[in-house]
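Novice: Below is a structure I'd like to ask you about.
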Amino acid sequence: MAGPPRSWDAVVIGGGHNALVAAAYLARGGQRTLVLERRERLGGAADTSELGPGIRVPTLAHTVGRLRPSIQRDLGLGRHGLSLIAPEVRVFAPRADGGAVTLWSDVAVTVDGLRAVSSTDAAAYPVFDRRVRVLGRFLDELARSTPPDIASPGLGDAIAGLKLGRSFRGLGRDGARAILRVLPMAVADLVAESFESDALRAAIAWRGVRYGAVGPWSAGTASVLLMDGAGNDGGAAGETVFARGGPGALSDAVAAAARAAGAEIRLNAEVASITSRDGRAMGVVLEDGEEIPARSVVSGADPKRTLLGLLDPVALGPSLGWRAGNIRTPGVVAKVNLALRALPRFTAAVDDERLLHGRILVAPGIDPMERAFDSSKSGRWSESPVLEATIPSIVDPSLVDGAPPGTHVMSVIAQYAPYSLEASVGSWDDNREAFGDAIIEVLETVAPGIGALVTHRQILTPVDLEARFGLTGGHPMHVEPGLDAFYLWRPLLGHARYRLAIDGLYLCGSGAHPGGGITGRPGQNAAREILHDLGGRRRQTTH
Amino acid sequence: MPQRYDAVVIGGGHNGLISAAYLARAGLKTVVLEKRHVLGGAAVTEELFPGFRFSVFSYVVSLLRPEIIRELDLPRHGLDILPLDGTFTPLHEGEGRPAPIGPDGEKIGTGDYLWRVNDHGRTVRELRRWSKLDAEAYEEYGQLMVDMARFIKPILSIVPPDPASNDPRPLLPLAGLARSFQRLTERQQAVFVQLMTMSAADFLGQWFETDPLKATMSASGIIGTYQGVRSPGTAYVLLHHYMGEIDGAFRAWGIPKGGTGGISNAIASAARANGAEIRTEAAVARILTRGGRATGVALESGEEIAADAVLSSVDVRRTFIDLLEPGTVDDDFTAEVQRFKFRGSSGKVNLALDSLPSFTALRGEGEHLRGAISLSPSIDDMERAYDDAKYGHWSRKPYVDIVIPTLVDPTMAPPGKHVMSCFVQYAPYHLAEGLGTWDDNREAFGDAVINRIAEFAPDILEKILFRNVQTPLDIERTTGLTEGNIFQGELSLEQLFFSRPVPGWARFRTPVQDLWLCGSSTHPGGGIMGANGRIAAIELLKARGRKVA
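Order-wise, the sequence lines are chains F and E.
Sequential numbering of the first sequence, starting at 1, is according to the working numbering.
Sequential numbering of the second sequence, starting at 544, is according to the working numbering.
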């Protein structure tokens, strides 16, 4: 327990998973660390919430397979209660015609299934999977490292440095050439180079556009797909791993680790502003006026909110203010959580319930995905959105242990639902339920009768996500994961090294390299840099 | 024993002719082989209708490298570029701002337009009609883009390194670039990164709020690409089109006297003056190789021409898939060539007019007709045109860039008559199933373009004497440009610099000894720029230990 006001080495703004990871590492590094969470609960977007009596759902994110293994080890998350469930099925992509593409964790099993779809695709799949893993290993190196300081050595040397990098050479001549060609590509082109089946192309390409205001034909989406597989077992299929008790359980485990390491965590403590003097962060002020001085301020909030909402505009300066204002945060994802009185019956999975254990993807083809995106460009929600659903209660009954027998929860990521609706469409309050109905309609095409099973329905539009989680623009990735916010320039060129705008201010959330998702990487990398600046007693971070 | 040359150049387009001129200038016995009766490739002037001469394909120039004009002394060979002043963006009635009053105190149109001219002061005054903020931002933006173009210009003359090779020497020019990058302000550096990664619409949105201004400016971000103004990567193409504007006058777009064929003829004349031989109606059927070396070419007539070096100015797919015997290069390289994306997206409609059309937004034959006329009323309009094309349909309401050359060069048409050049996007080479071929769609597409123009200038319909519609298929058939791509391959990020045309083979050399690429498929890409042909020739001369005269 902390006593009355004292000076902290690090005060962390926000209790999301990255902020908690950073806090845990800082505390382990011997720094007196305080976490301030605005809400009554921890976890941010890695959250489990009550949908009805005895019914709990993943509020936003629903899988956690990208969490960096070294974080689990370093923080002993298993010891602190984290238990992971990895079903054999990664992706089940049913179509209205009763057909489906299924991607298993076992590549050989996937290939067997693909033979029915296309023999050439069946042959190409293992090659593509290997390629994704090879490039993913290099990108893992990229993701674990702090982007170089470009003031010196500079961009050209950064490229040369990359070129000389062990892992870059490890790619071999062709791999090295390939990755530079592939990263800026449109994911639709990438998958088309290997596969002929549109359904398979879509099932893989989805991860290139998930959470982004882009379609499969948008340049740079190939890099999102590859980053998604960096440093995890995703491969071509992508990870599908659940935390027992929902994503909130992961946050609780990290919080427990942080506390065990000596970090203090305060709930219902909303930061109103970051105090600074002579271009140096001095601490924070809470909504209730309480001042908390600290040697360093570590923001888990998104960079736009941090720079424009919490920092003094004078300290920020006009030029950086202009750039911060132009950080792109176009949220296009709505989250729909359903309680079902029984397990829905999918036409393409009648005889095999296992197919429903993984991510259920409703994205019939590349063009349907692109069309769903088109409507969002002009401020309209898609009438046939792309859906990524999970039914975690099948593999984790604890989520519904207080509910009537047979109850299941379904978690649905629905895209595209733009944050800003066109004037004629009205506000999200006018559209929330209509969009929810559209989603049920799409689900009905692959699981007839599912609508009748719904007992509870929660729809979180981008506007709701912004209000609930403080995500600017309702963007779950904090900053649009485009080529214009990648590595050296995420979130801003010259501020990609976790040090943000002024001395003593750090960014540790998804807005920092290597970006969003439940990975813990930005938090881990940021902690490493902060400990370096503070001169930590013990270094416990993994490199 | 066939006659022997030091170098044979396949294709008499501007790049092929430029390569030949530089090689001949250095004393190499050089011959250019052009399949058509006319030189210039996509930069040709042809009399499509009696008395009416057209720049059939490429129609304006700005990117032609000044060092080429200088070194080949092109003005002496007849190059004369007439300036195009301004860009006029007409809007539908009610989409604009209060109409300005004409000199005679009369309203001279509905005032629904945005008109930018070379006279900066006038343009800023016009922008104030729309937005004071934009008027201010316009100055700053213009300066910033000039800075950016100035910074990136050296890249145009760099031979891209192979990032995977262990030889550091080719990276040296990059180090130089890195140094000048560090000399930029942090803001300039950030803007440069945005230019390399953002969409034209997002990029411009950082400065401007006026929709027709953003739409018209963003248009140069999608020229020749199969991308929309909201597609990431199009901001780079924006910059690509700015390069020319810093040589000489700001926005130095112009049209060559006698049409774009005038450029080709000037270069050809320079090449001949340096001793190069140029043959037309000499279509190359095959590149001859022996033991993995190029030894010459065989013409369709059967004639064989032996040479120590073969330079191909035709695109990379024609060169390696059509002109080389299968098996000459390994499968990996062939696969990379097959992967190279063309997918032409542009069409051209050439009109012979009885008299000038009148735009409802600003009536009469004023100077607003003397520049470019851009049908780009809004970002959504531009994006919708792309959305049609994405799914294999030509744009129902296309983006059209109109130029009326006869207003600056009356020699192009009979007295009092006019020619109108309409560059159109989008016209996707690959049409959706069920739509048929381009031969089935040519006239419907032409109608769509003319109806689009008539939305803003209704009387155009009575003034058309003849029309000539160029679909991507026609462009491919006539010029040989694969899939009708005007840049010999899309200017998408993954096809630039050290990945253009094939990762590891961006240095104008190819896996076939003595076979070189010198066309727009190579760095730095397309447009009447000529850098490709010049650098390729210089690289070959260096490799031969010859002095670049």
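Built from N, CA and C at the ideal position, the CB exists for glycine as well.
From a predicted model like this one, the values you see are computed outputs, not experimental measurements.
If you compare alpha carbons, which of F:I55, F:Y25, F:I13 is closest to F:A403?
Specialist: Per the Cα distances, F:I55.
Novice: Helix, strand or coil: which one does DSSP assign to E:K578?
Specialist: Correct three-state label for E:K578: coil.
Novice: For E:Q749, return the contacting residues in chain F, with the cut-off set at a CB-CB distance below 7 Å.
Specialist: Under the 7 Å cutoff, chain F gives N326.
Novice: In angstroms with no decimal places, state the Cα-to-Cα distance between E:M760 and E:H783.
Specialist: Rounded to the nearest angstrom, the two C-alpha atoms are 13 Å apart.
Novice: Decide if the segment 767-781 of chain E is in contact with the segment 797-804 of chain E; the criterion is three or more beta carbon pairs, one per stretch, under 8 Å apart.
Specialist: The segment 767-781 of chain E, when compared against the segment 797-804 of chain E, does not touch it at the 8 Å Cβ threshold.
Novice: Scan the segment 861-928 of chain E and note each continuous beta strand (DSSP E) run of 3 residues or more that stays entirely inside, going in chain order.
Specialist: The qualifying runs are 889-896, 915-918.
Novice: Whole angstroms are fine: how far does the CA of E:R726 sit from the CA of E:I1003?
Specialist: Cα to Cα, E:I1003 sits roughly 51 Å from E:R726.
Novice: If we call anything under 7 Å between Cβ atoms a contact, is F:L460 one with F:K335?
Specialist: It is a contact, given that the beta carbons lie within the stated cut-off.
Novice: The beta strand (DSSP E) with E:Q968 in it runs from where to where?
Specialist: Residues 961-968.
Novice: Does DSSP classify E:W1048 as helix, strand or coil?
Specialist: If DSSP states are grouped into helix, strand and coil, E:W1048 belongs with coil.
Novice: List the endpoints of the continuous alpha helix (DSSP H) containing F:F469.
Specialist: Element bounds for F:F469: 462-469.
Novice: Three Cβ pairs or more, each shorter than 8 Å: is that satisfied between the segment 1021-1035 of chain E and the segment 169-179 of chain F?
Specialist: Result no; under three Cβ-Cβ pairs closer than 8 Å.
Novice: Would you say F:A176 lies against chain E (beta-carbon separation less than 7 Å)?
Specialist: Closer than 7 Å to some Cβ of chain E, the Cβ of F:A176 qualifies, so yes.
Novice: Starting from E:T759, trace the beta strand (DSSP E) both ways and give me its first and last residue.
Specialist: First-last for E:T759: 754-762, but that is the alpha helix (DSSP H), not the beta strand (DSSP E).
Novice: Helix, strand or coil: how does DSSP classify E:Y684 here?
Specialist: DSSP places E:Y684 in helix when its eight states are reduced to three.
Novice: Just list the residues that DSSP pairs E:Q1056 with in beta bridges.
Specialist: Note: E:Q1056 sits in a beta bridge opposite E:R836.
Novice: Can you pull out the residues from the segment 372-385 of chain F whose beta carbon lies closer than 7 Å to at least one beta carbon of chain E?
Specialist: Against chain E - using a Cβ distance shorter than 7 Å - the residues of the segment 372-385 of chain F are D374, K377, S378.
Novice: Quick one: which residues of the segment 357-371 of chain F get their C-beta closer than 7 Å to a C-beta of chain E? List them in chain order.
Specialist: Residues D367, E370.
Novice: With 16 as the cutoff for other CB atoms within 10 Å, does E:H580 come out buried or exposed?
Specialist: E:H580 is exposed by the Cβ-count criterion.
Novice: Name the two residues that bound the continuous alpha helix (DSSP H) containing F:E441.
Specialist: Per DSSP, F:E441 belongs to the alpha helix (DSSP H) from 428-446.
Novice: Name the residues in the segment 490-517 of chain F whose C-beta lies less than 8 Å from a C-beta of chain E; which are they?
Specialist: Result list: L492, L493, G494.
Novice: So which residues on chain F does E:Q1056 lean against when the C-beta distance must stay under 7 Å?
Specialist: Residues of chain F passing the Cβ test: none, with the nearest at roughly 20 Å.
Novice: For the beta strand (DSSP E) that E:F631 lies in, which residues bound it at each end?
Specialist: Counting along the chain, the beta strand (DSSP E) containing E:F631 begins and ends at 630-633.
Novice: DSSP three-state call for E:A792: helix, strand or coil?
Specialist: Confidence in E:A792 is poor, its pLDDT being 46 and thus under 50, which makes the residue's placement unreliable; the coordinate value appears in the next sentence. Coil at E:A792, not helix or strand.
Novice: Please name the residue or residues paired with F:L507 in a DSSP beta bridge.
Specialist: BP columns for F:L507 point to F:S299.
Novice: Grouping DSSP H, G and I as helix and E and B as strand, with all else coil, what is F:E529?
Specialist: The answer is helix: DSSP assigns F:E529 an H, G or I state.
Novice: How big is the Cα-Cα spacing for E:D623 and F:I502?
Specialist: Going from the Cα of E:D623 to the Cα of F:I502 covers about 55 Å.
Novice: So F:L226 packs on F:V132, CB below 8 Å; how close in whole Å?
Specialist: Indeed, because the Cβ distance is near 7 Å, the residues count as touching under 8 Å.
Novice: Suppose you measure from the CA of F:E50 to the CA of E:T632; what does that come to, to the nearest Å?
Specialist: Using only the alpha carbons, I get a separation of about 56 Å.
Novice: Answer yes or no: do E:G543 and E:A970 have a C-beta to C-beta separation smaller than 7 Å?
Specialist: Here chain E has residues from 544 to 1092 only, and residue 543 of chain E is not among them.
Novice: Tell me which same chain residues have a C-beta within less than 6 Å of the C-beta of E:S562, skipping the five on either side of it?
Specialist: Here the set comprises V552, L854, C1061, G1076, A1079, A1080.
Novice: Rank F:V91, F:D374, F:P126 by C-alpha distance to the C-alpha of F:A108 and give the top, closest one.
Specialist: Ranking the options by Cα distance to F:A108, first place goes to F:P126.
Novice: According to DSSP, simplified to helix, strand and coil, what is F:A199?
Specialist: In this structure, F:A199 counts as helix in the three-state DSSP scheme.
Novice: Kindly indicate if chain F contains any beta-carbon less than 7 Å away from that of E:A970.
Specialist: Cβ-Cβ to chain F under 7 Å: no for E:A970.
Novice: At a Cβ threshold of 7 Å, is E:A733 touching chain F?
Specialist: Yes, because at least one Cβ of chain F sits closer than 7 Å to the Cβ of E:A733.
Novice: Once you ignore the five residues that flank E:F999 on each side, which residues in its own chain have a CB closer than 6 Å to its CB?
Specialist: P633, F902.
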